[in-house]
Amino acid sequence: MPAFIQISDTHIVAKGQLACGHSDTAAALANAVASINARLPALGSVDCAILTGDLTDHGTAEEYDHFLEIMSALELPWLAIPGNHDRHAEMRSAFAGTDWMPESGPIQWQRDFGPFVVIGLDTLLDGAHHGMLSDEGFAFVDRTLTALGERPVIVATHHPWMFSGISAMDADNLRNGAALMDRLQAHPGPVRMISGHVHRAMTTHIGKVICQIAPSTAHAVHRDVRPEAVNSLILEPGAMMLHTWLEGPRSGLVSDILPIGAFAGPWPF
């Protein structure tokens, strides 16, 4: 059962600081790592973790060092794509020793899980909150989808194309996502798009493409859809997503929310 854990929007800041003055993102990520490690025997064969952007809050070298220090305890390999709070040069320098970080160009990659392939895309436009896929990104998508034929594909981005209903977040989603969605709709095999950015667990479908947004490990974006609402964070419980491929007559990718923490139980019933 190939599987990966999606971790999103960790927003690590310098040691001793709180993100936005309120969220202890370092403690939240450390708790997430401990939670994963404790659950691994029960979860089955988890291949890796995939981080869907906003690893840091300001994209500084100090923050990436802090992120790496916390992640060093994770008992899984991991890959990442950038979000709008990351910065290309600093992220590339921090992760230069990994097998997935390209030496130049967009921070994009593909990983073969056997029954499916994950394509990680770079939607970061340095200095902007909204997302854009570059011409190089679109060329990478075209080449990769053509080579994969009818194989199932999971496309990972930081910025979603789906709307969340939170107007401030929807204004800063993947601005040229329609062109990406056209390509995904045309792929002859099953397609799913997994994202972050909104800090809330959400699912919809756009045509044939299942679209999912993962929650943050740390804090949520407050769901307030009133026109006068100010975009705000709220300290709702952090969580992650477990994506597992199940074989058999109903084969496919099953997604499960993993709350972060240590909980009473389990007890047989």
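Everything in the sequence shown is counted per UniProt numbering, starting at 1 for the first residue and increasing by one.
Built from N, CA and C at the ideal position, the CB exists for glycine as well.
For Val230, no beta strand (DSSP E) segment is defined, and its DSSP state is neither H nor E.
Per DSSP, the unbroken beta strand (DSSP E) holding Val117 starts and ends at 117-120. In the pairwise beta carbon analysis, the region 24-35 is classified as touching the region 59-79: at least three pairs are separated by under 8 Å.
Between Leu174 and Leu43 a beta carbon distance of about 30 Å is seen, past the 8 Å cut, so the two are scored as non-contacting. Counting only runs of 4 or more residues that sit fully inside the region 14-56, the alpha helix (DSSP H) segments are 25-43, in chain order. Looking only at Ser232, Asn231, Arg192, the smallest Cα-Cα distance to Ser255 is reached by Arg192. Counting the other CB atoms within 10 Å of its CB gives Pro102 a total below 16, which places it among the exposed residues. The C-alpha of Glu63 lies about 35 Å from the C-alpha of His205. Here Leu180 is not near Cys20, since their CB atoms are 8 Å or more apart. In the DSSP assignment, Ile5 falls within the beta strand (DSSP E) that extends over 3-7. In the DSSP secondary-structure assignment, His205 is bridged to Ile210. Taken atom to atom, the span from the alpha-carbon of Pro2 to that of Ser45 is near 6 Å.
Between Leu124 and His88, the gap from beta carbon to beta carbon is short of 8 Å. Membership of Ile70 in any beta strand (DSSP E) is not indicated; the residue belongs instead to the alpha helix (DSSP H) covering 61-71. Pairwise C-beta distances place the region 79-86 in contact with the region 155-168, as three or more of them are shorter than 8 Å. Taking the CA atoms as reference points, Pro266 sits about 28 Å from Thr10. Counting the other Cβ atoms within 10 Å of the Cβ of Asp54 gives 16 or more, which makes it buried. For Ala168, the uninterrupted alpha helix (DSSP H) run begins and ends at 167-170, by DSSP. Bounds of any beta strand (DSSP E) do not take in Asp126, whose DSSP letter is neither H nor E. In terms of Cβ geometry, Thr52 and Gln6 form a close pair [threshold 8 Å].
Excluding five sequence positions before and after Asp65, the CB atoms of its chain that fall closer than 8 Å to its own CB belong to Ala94, given in chain order. In the structure shown, Met193 falls within a strand segment according to DSSP collapsed to helix, strand and coil. In this model, Val221 and Pro188 are separated by some 35 Å (Cα to Cα). Shown here, Gly97 sits in coil according to DSSP, grouped into three states, outside any helix or strand.
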